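Residue numbers (the working numbering): 127 to 598. Glycine included, C-beta positions come from ideal geometry on N, C-alpha and C. Small disclaimer: the values here were computed from a predicted structure and weren't measured.
Now the structure itself:
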């Protein structure tokens with residue numbers, strides 16, 4: 127079995143303790159090794175860390191060619207303030223200044239990496255539903271598996287001080303890594319599905335809210351508002367995150383797959399939408415707005431796609447998103463490239479209007495700065511941003527929590543990626559809250575928007591192991 131050598135981790139921890147004594151503050155020690163001739167199943171690796179429930183995180187890019195799994199909390203950066211992006215970034219940079227990283231070569235997503243989430247609206251009053259999650263949290267995993275283009279990397283992160291027992295800590299870390307890798311080469315196998323009871327939450331009030339907002343938009347009070355709603359799903363057995371992750375990987379391969387735990391709760395989903403990716407000085411974002419169902423046959427699917435590409439309501443909704451993202455993107459990037467017309471982006475249950483955006487990051491602009499400038503896009507909140515957010519606070523009657531918030535990672539070199547936490551659910555034992563939203567414009571029809579949310583619930587309902595018949 128391939129693990130980080132005892133002599134290597136022992137030596138680095140010992141040096142870190144010496145530095146901590148010399149500088150009179152804690153030191154981050156990060157040691158990575160490339161795994162040769164061994165295929166590690168990421169979901170099985172996640173499952174092997176179940177003794178660290180509440181301290182596990184899973185993040186996978188579309189097609190599964192880039193996956194990160196974090197087990198154990200070496201250190202976490204938390205905030206419950208509205209200024210959480212800059213706060214977390216400054217604390218992360220401060221930690222990196224006093225760090226020992228081996229090897230020194232820069233590999234994307236390897237070494238010291240923080241993963242986590244930001245709530246959709248930090249100014250929204252938090253309810254009991256999201257009580258276990260802070261407004262913002264980025265976790266430095268003690269054990270990190272990074273899979274990139276069929277290369278496997280294992281990283282051990284630990285924060286030491288002058289009182290750290292080097293021998294005990296080195297032995298503890300290596301023993302835990304061996305336990306995580308035991309049987310991790312075996313693909314995870316999901317069990318059979320189960321019967322689910324679906325409870326609508328405030329359906330009539332949501333329909334009324336859609337009609338109210340559409341009328342306000344017609345009268346020029348605002349241009350677009352995204353309204354989300356919740357369904358509560360109950361099961362005879364507790365929901366198991368790794369079971370759901372495994373199904374999501376198989377059923378939604380074109381999506382970002384994620385799971386974030388806090389206490390005994392888990393926020394999990396398969397998002398179709400990138401918020402921002404930064405690699406070196408290049409940045410990439412996505413405009414994804416306007417949607418329609420997939421067809422049952424190729425002919426019907428093409429017909430629906432053609433309808434979407436020429437639908438006035440959806441094209442207007444998409445144009446609002448493109449316009450706003452372009453404006454926000456140009457604040458932090460130059461040489462911005464945007465296609466003139468949207469294309470179709472097809473998922474298993476739904477297809478969207480899609481416009482990619484690429485730019486070169488300006489000097490001094492960080493990934494979290496770009497996240498702050500972009501979030502929430504009009505696809506998640508509305509337009510103009512401030513007015514749309516205020517309207518959502520007044521009328522939506524839902525604590526979104528992490529739903530539609532930024533979910534992602536940031537490495538020690540400033541690169542990283544965030545998706546938006548949609549097509550998602552909050553697991554709480556034998557119950558789960560699923561969320562879906564729609565962009566409301568002047569000619570929105572409440573029943574049509576309701577049916578659109580039904581389509582958007584299907585990926586998570588299927589992943590929970592139940593039937594989608596109730597939502598046809």
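- Residue 250 and residue 377 have their alpha carbons spaced roughly 33 Å apart.
- Residue 196 sits close to residue 241, with the two beta carbons spaced by under 7 Å.
- Residue 552 and residue 534 have their C-alpha atoms some 17 Å from each other.
- DSSP links residue 265 through a beta bridge to 202, 241.
- Here residue 393 really is in contact with residue 547; their C-beta atoms are around 7 Å apart, less than 8 Å.
- Under the three-state reduction of DSSP output, residue 321 falls in the coil class, being neither helix nor strand.
- Between residue 272 and residue 194 the beta-carbon gap is near 5 Å, inside 8 Å, which marks them as a contact.
- A direct Cα-to-Cα measurement between residue 450 and residue 443 gives close to 11 Å.
- Exclusion of the five residues before and after residue 333 leaves 572, 576 as the residues of its chain whose Cβ lies within less than 7 Å of its Cβ.
- With contacts defined by Cβ atoms closer than 7 Å, residue 245 and residue 527 form a contacting pair.
- Residue pairing from DSSP places residue 155 in a beta bridge opposite 226, 284.
- Membership of residue 442 in any beta strand (DSSP E) is not indicated; the residue belongs instead to the alpha helix (DSSP H) covering 438-458.
- Membership of residue 576 in any beta strand (DSSP E) is not indicated; the residue belongs instead to the alpha helix (DSSP H) covering 572-589.
- As the crow flies, the alpha-carbon of residue 419 is around 35 Å from that of residue 211.
- Within 10 angstroms of the beta-carbon of residue 303 lie 16 or more other beta-carbons, which makes it buried.
- The C-beta distance from residue 496 to residue 540 rounds to 11 Å, too long to fall under 8 Å, and the pair is not in contact.
- Per the DSSP secondary-structure output, residue 409 pairs in a beta bridge with 404, 485.
- When DSSP states are grouped into helix, strand and coil, residue 351 belongs to the strand group.
- Straight-line spacing of the CA atoms in residue 323 and residue 583 works out to 14 Å.
- At a cut-off of 3 residues, the continuous stretches assigned as beta strand (DSSP E) that sit fully inside the region 361-434 are 382-388, 391-397, 400-405, 408-419.
- Inclusion of residue 265 and residue 202 in the CB contact set at 7 Å is warranted, their separation being smaller than that value.
- Between the C-alpha atoms of residue 327 and residue 259 there is a straight-line separation of about 21 Å.
- Scanning its chain for C-beta atoms nearer than 6 Å, with the 5 sequence neighbours on each side dropped, one finds around residue 413 the residues 447, 448, 451, 481, in chain order.
- By the C-beta criterion, the region 149-161 is judged not to be in contact with the region 353-369, since fewer than 3 inter-stretch pairs fall below 8 Å.
- Here residue 179 is exposed, its C-beta having fewer than 16 other C-beta atoms within 10 Å.
- Taking the C-beta atoms as reference points, residue 374 is found nearer than 7 Å to residue 383.
- Here residue 531 is not near residue 479, since their CB atoms are 7 Å or more apart.
- Counting along the chain, the unbroken alpha helix (DSSP H) around residue 331 starts and ends at 329-344.
- Note that the C-beta distance between residue 279 and residue 236 is below 7 Å.
- With three or more CB-CB distances shorter than 8 Å, the region 345-355 counts as touching the region 489-507.
- Cβ-Cβ separation between residue 591 and residue 369: approximately 7 Å, consistent with a contact (criterion under 8 Å).
- The Cβ-Cβ distance between residue 286 and residue 142 falls below 7 Å.
- Setting aside the 5 residues that flank it on each side, residue 306 is surrounded in the same chain by 171, 174, 175, 197, 269, each with a C-beta closer than 7 Å to its C-beta; the list follows chain order.
- In the three-state DSSP reduction, residue 476 falls in the strand class (E or B).
- Residue 147 has its alpha-carbon roughly 44 Å from the corresponding atom of residue 188.
- Relative to residue 436, the option among 421, 454, 468, 453 whose CA is nearest is 468.
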